[in-house]
Amino acid sequence: MRRLLAAILVLIGLGLLAYPIAREWYFDYRQQQLLTAWAKCQATAAPSAAQEVSLAQEVVQAFASAPAYRPDPALEKYIQENIEGILVIDNIGLKIPVLIEDTKENLNISVAHVVDTAGPGEVGNYVIAGHRMRTYGRHFNRLHELSNGDHIEFIGPDNTYLYQVFEVLVVKPEETWVLEPSAEEKLLTLVTCDYSQKPSMRLVVRGRLAL
Numbered sequence: 788m789r790r791l792l793a794a795i796l797v798l799i800g801l802g803l804l805a806y807p808i809a810r811e812w813y814f815d816y817r818q819q820q821l822l823t824a825w826a827k828c829q830a831t832a833a834p835s836a837a838q839e840v841s842l843a844q845e846v847v848q849a850f851a852s853a854p855a856y857r858p859d860p861a862l863e864k865y866i867q868e869n870i871e872g873i874l875v876i877d878n879i880g881l882k883i884p885v886l887i888e889d890t891k892e893n894l895n896i897s898v899a900h901v902v903d904t905a906g907p908g909e910v911g912n913y914v915i916a917g918h919r920m921r922t923y924g925r926h927f928n929r930l931h932e933l934s935n936g937d938h939i940e941f942i943g944p945d946n947t948y949l950y951q952v953f954e955v956l957v958v959k960p961e962e963t964w965v966l967e968p969s970a971e972e973k974l975l976t977l978v979t980c981d982y983s984q985k986p987s988m989r990l991v992v993r994g995r996l997a998l
C-alpha cells in the first residue's frame, strides 16, 4: 500500500513538473500552426500578387520544422479574422504573428495589437503587447536587447512597414502615456513586463516608420 502511494505521489510530482513544459509546447505549436496557415491563406487569397506569394514562401521556409500543414477551413477562417500580420525583429531572432486583439488567450499564443490604438503604417501609435516569457527567445523575452537605431519590420497582407527604434525605456504600469497616439508621426510601440524590478514594471520599445 505504501509503495502504491509513493508511486502515485511520484507520478503526481512528475505531472506537475511536466505541466509548464507541455503548456509552453502547446502554445508554441499553436503559434507555428497559425503562421503556416496564415501564409497559406495569403498565398491563395491573391495568387497573382507577387509580394504575398513571396511572403508565404518565406514564412513556410522559416517554419519548415513545424508539424505538417493540413488544410483546416475553421483554422483558416480564424486566421483571416484574427491575424494582422507578422512582426520581424532580426536583431533578436524574432518572427511572430501579431493577433488582432490583446485578449488573454491571444497573448498566451503570441503577441497582439492593443485595442483602440492605430493600425500598422498609420499616423498615431501602433501598439503591440506581448508576454516577457521566461524561456529564452520566446515572445518578447529578448526585447530588452534592442537599442536605438535597430529595425523592426511588420509584414501585413498588403504592405510591409519598417520602423526604426528611437527609444527604449522602463515605465510604471500606470504610465499609459506611452500608448497615446501621435498627431503627426507613424509610431510603433512594443510593450512587455520588466521582471528585473520589484514590483514589476513595463519595458517599452518605441519606433518611427522609416519605410
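Under my numbering, the first residue of the sequence shown is numbered 788, with each subsequent residue one higher. The beta-carbon is built from N, C-alpha and C at its ideal position, and this holds for glycine as well.
CB contact flag (residue i, residue j, <8 Å)
| i | j | result |
| --- | --- | --- |
| ILE879 | LEU956 | no |
| VAL885 | GLY906 | no |
| TYR982 | ARG919 | yes |
| VAL901 | LEU966 | yes |
Residue interval of the alpha helix (DSSP H) (run including residue i)
| i | result |
| --- | --- |
| ASN928 | It is not in any alpha helix (DSSP H) - ASN928 carries neither H nor E in the DSSP assignment. |
| ILE896 | 891-896 |
Residue i versus residue j: straight-line alpha-carbon distance, rounded
| i | j | result |
| --- | --- | --- |
| ASN912 | ILE870 | 19 Å |
| PHE953 | GLU892 | 30 Å |
| VAL847 | PRO944 | Its pLDDT being 47, under 50, VAL847 is placed unreliably by the model, and the measurement read from it follows with that caveat. Taking the straight line joining both Cα atoms gives about 15 Å. |
| ALA849 | LYS882 | Confidence in ALA849 is poor, its pLDDT being 48 and thus under 50, which makes the residue's placement too unreliable to answer from. |
| LYS973 | ALA916 | 17 Å |
| GLN867 | ILE896 | 16 Å |
| TRP812 | VAL898 | Any reading at TRP812 needs caution, since the residue's pLDDT is 48, under 50, leaving its predicted position unreliable; the model's value is listed next. Distance between the alpha carbons of TRP812 and VAL898: 16 Å. |
| GLU939 | PRO986 | The identity of residue 939 in the sequence shown is Ile, whereas the question assumes Glu. ILE939 and PRO986: Cα-Cα distance of roughly 29 Å. |
| VAL914 | LEU949 | 15 Å |
| VAL958 | PRO860 | 42 Å |
| ARG929 | ASN935 | 15 Å |
| THR922 | SER969 | 34 Å |
| LEU894 | GLU971 | 29 Å |
| THR1067 | GLN951 | No statement about residue 1067 is possible, as the shown extent of the chain runs from 788 to 998 and does not include it. |
Option in the options with minimal Cα separation from residue i
| i | options | result |
| --- | --- | --- |
| ARG762 | SER897, HIS931, ASN893, LEU874 | Past the edges of the chain, shown from 788 to 998, lies residue 762, and the structure says nothing about it. |
| VAL978 | TRP964, ASN946, VAL910, LYS985 | TRP964 |
| VAL992 | PHE927, GLU868, THR890 | PHE927 |
| ASP903 | ASN893, GLU892, GLU888 | GLU888 |
| ASP937 | ARG995, LYS864, GLN867 | ARG995 |
| THR947 | VAL875, GLU868, PHE953, GLN867 | VAL875 |
| GLU962 | GLN951, CYS980, LEU949, ALA970 | CYS980 |
| GLN984 | GLN951, ASN935, PRO960, ASP877 | PRO960 |
| ASP877 | VAL910, PHE941, ALA970 | PHE941 |
| ALA997 | LEU894, THR890, GLU909 | GLU909 |
First and last residue of the uninterrupted beta strand (DSSP E) at residue i
| i | result |
| --- | --- |
| LEU974 | 973-981 |
| ARG919 | No beta strand (DSSP E) holds ARG919; DSSP gives it neither H nor E. |
| PRO986 | First-last for PRO986: undefined, no H or E at that position. |
| GLU940 | 938-942 |
| PRO884 | 881-886 |
| GLU954 | 947-958 |
| GLU871 | 870-876 |
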